[in-house]
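One structure is given below, encoded as structure tokens.
Protein chains: 2
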Amino acid sequence: MIQSVERAIHILEAIAHAGGAAHLNEIAGITELRSTTAHNILKTLQSLGYVRRRGGDTRYHLGDRIQNLARVAGDDDRLRRDLRALLEAMAEESGETVFLAVPSGDEVYFLDAIESRETLKAGSQSGERLPMAGSAIGLLFLAHIPRIRQRMLETHADRISLNLELEIEAIAQRGYALDQENWLPGLSCVAVPYAEAGEVRAGFGLAGPSFRLPLGRLEMLAGLMGDILDDRVPI
Amino acid sequence: MIQSVERAIHILEAIAHAGGAAHLNEIAGITELRSTTAHNILKTLQSLGYVRRRGGDTRYHLGDRIQNLARVAGDDDRLRRDLRALLEAMAEESGETVFLAVPSGDEVYFLDAIESRETLKAGSQSGERLPMAGSAIGLLFLAHIPRIRQRMLETHADRISLNLELEIEAIAQRGYALDQENWLPGLSCVAVPYAEAGEVRAGFGLAGPSFRLPLGRLEMLAGLMGDILDDRVPI
DNA sequence: CATTATTATTCAATAATTTTGAATTTTGCA
DNA sequence: TGCAAAATTCAAAATTATTGAATAATAATG
């Protein structure tokens, strides 16, 4: 357990607890550190952009860099809680297996799922991970999240086929992703994006046997899922 | 400059750069640390909740705690950039002085402003700070952001008048805040909230001489500002 | 299924960093 | 303008974190 790292984190949390800004002595008081020690750590955090001071205010504020981490970190538990009701609505209204997934590294991570009550159904895969390019929901992330697509280009530039590029382009155009037996014979899928603050954070997917899911119905279901998402009332 | 704090931050950024998850050796490679050193720091961050590993995956992921910091940190520069166009639209359509503010600690911090072209106008106060309870926009934050209200109750419980409580309640009900010469004789204001991810992050304010801003016009302007905000097209 | 290779973790000694406390400077306020 | 409070700097001391090697766990391979 590294002491100064622990202390630095406590300092950040002390500032957060004070509402986002606090004086050196206030911080030293809360964290029970000498003011010099707190000062050293704060200067380090400041030079890294995790703490700043704005014009004419001697208080230390939390810095912008934290936002960069947060954007990538996601917060899966909150998403699962917040979106559970929507997932249930989708399961109810479609009758098929539905699931919720988020991007995690260069993979898709399945947060939650509800299985269809039909005899022939797609299995749920909650807790599993799939490569980005190997699922409708992964293609959705590639199409809608620039940072993910860029990372894909950097690391797997060789493995990106023209076909894949066109597919991603098509998804970006129409908003949702379709998979008609590309991934598994007999299985069809739809995936729609969930966005917060103008950025796609997660995706809802639906999968089932192809004979129940002709193209027309897949498109209808994409619309249905979109409508359920739009029913969320903002402030 | 404290070395281990710097290293801990670099490790967090390395994980973020890797898309939110990375193996120990990968992290050690990027940060140019011995794997033991990286391991020690990661264990510290893990015990603090800033890094975690999820079931059966030996990679280190960014942890939920980062989200707690981010919620308080805000990111003013991005907000100013993103919302500048809206501020301009409000200035244009209302003809009065308008401004953008965010909560900062237990104060209101003015991020941006556009002054009216009228001869008699409210001054802009970009860069200034005002106490929460001393401005329409501060009351707006008190009404809409539970964490801010709670902090107010904890620290200034004695100074909260029944009047203030009722006013906050009224703002929470109708959505926007009004100030008719409460703060300064002859000056009237409106303030409307700006929300992201279901949480109020900033507020737009408008101020001008009371003779140009009777109650009816203030209410109309609140509606106008709300409409400009709603015109932002989500995905 | 056994074997190999990779990756993660533990440990004690050493080297180095960080903490200390006092002194100085800056800032805020009457 | 002068006082008080807060922030910052500095060199010595002491604890802390780093090292590197060795072990354990995990994944990959034939």
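Chains A and B, in that order, are what the protein sequence lines are. In this text, residue positions in the first sequence follow this note's numbering: the first is 1, and each later residue adds one. In this text, residue positions in the second sequence follow this note's numbering: the first is 236, and each later residue adds one. All C-beta atoms, glycine included, are put in the ideal place defined by N, C-alpha and C.
Inter-residue spacing [alpha-carbon to alpha-carbon] between S94 (chain A) and G123 (chain A):
15 Å
Coarse secondary structure for I171 (chain A), derived from DSSP in three states:
helix
Neighbourhood of H258 (chain B) by C-beta, 8 Å cutoff - its chain only, sequence neighbours within 5 removed:
T293, R294 and Y295
How many whole angstroms separate the CB atoms of L441 (chain B) and C424 (chain B), which I take to be in contact at a CB cut-off of 8 Å?
6 Å
Hey, does N417 (chain B) have any beta-carbon neighbour from chain A nearer than 8 Å?
no
So with CB distances below 9 Å, who are the chain B contacts of M225 (chain A)?
Within chain B, no residue comes near M225 (chain A); the closest Cβ sits about 14 Å away, beyond 9 Å.
Look at the alpha carbon of E107 (chain A) and the alpha carbon of L130 (chain A), and state the distance between them as a whole number of angstroms.
6 Å
Using a beta-carbon distance cut-off of less than 9 Å, what residues from the region 342-374 of chain B approach chain A?
E342, Y344, G362 and R364
What residues of chain B sit near I9 (chain A), judged by a beta carbon separation below 7 Å?
L283 and Y285
Between which residues of its own chain and D179 (chain A) is the CB-CB distance below 7 Å, once the five residues before and five after are set aside?
So the qualifying residues of the chain are A136, S188 and C189.
Using Cβ-Cβ distances below 9 Å, what residues of the region 294-324 of chain B are close to chain A?
Residues passing the 9 Å Cβ filter: R294, H296, L297, G298, D299, R300, I301, Q302, N303, L304, A305, R306, V307, A308, G309, D310, D311, D312, R313 and D317.
Using the rule of at least 16 other Cβ atoms within 10 Å of the residue's Cβ for burial, across every protein chain shown, is Q67 (chain A) buried or exposed?
buried
How about S270 (chain B): is its C-beta nearer than 8 Å to some C-beta of chain A?
no
So which residues of chain B does T44 (chain A) contact, with C-beta pairs closer than 7 Å?
M236, I237, V240 and E241
Cross-strand partners of T36 (chain A) (DSSP beta bridge)
In DSSP, T36 (chain A) forms no bridge with anything.
Closer than 9 Å by beta-carbon distance: list the chain A residues that pair up with I276 (chain B), in chain order.
I2 and V5
When the Cα atoms are used, what is the spatial distance from L419 (chain B) to S445 (chain B)?
Going from the Cα of L419 (chain B) to the Cα of S445 (chain B) covers about 10 Å.
Exposed or buried, which one is R386 (chain B) when buried takes at least 16 other CB atoms within 10 Å?
buried
Kindly indicate if chain A contains any beta-carbon less than 8 Å away from that of G254 (chain B).
yes
How would you write the range of the alpha helix (DSSP H) that D317 (chain B) sits in, first residue to last?
D311 to S329
Does any C-beta atom of chain A lie closer than 8 Å to the C-beta of L247 (chain B)?
With a threshold of 8 Å between beta carbons, L247 (chain B) makes contact with chain A.
Taking Cβ-Cβ distances below 8 Å as the criterion, which residues of the region 200-232 of chain A are in contact with chain B?
Flagged, chain order: V200.
Per DSSP, what are the beta-bridge partners of L401 (chain B) in this structure?
Answer by DSSP bridge pairing: none, since L401 (chain B) is not bridged.
Taking beta-carbon pairs under 7 Å, can you tell me which members of the region 152-169 of chain A lie near chain B?
none
Tell me I349 (chain B)'s beta-bridge partners as DSSP assigns them.
B:V333
Pick out whichever of A:A21, A:N40, A:G19 and A:E92 has its Cα sitting closest to the Cα of L221 (chain A).
A:E92
Simplified DSSP state of P193 (chain A), which is helix, strand or coil
strand
Return the first residue and the last residue of the beta strand (DSSP E) that L459 (chain B) is part of.
Careful: L459 (chain B) lies outside any beta strand (DSSP E), inside the alpha helix (DSSP H) at L450 to D465.
Using 10 angstroms around the beta-carbon of R201 (chain A), count the other beta-carbons present and answer buried if the total reaches 16, otherwise exposed.
buried
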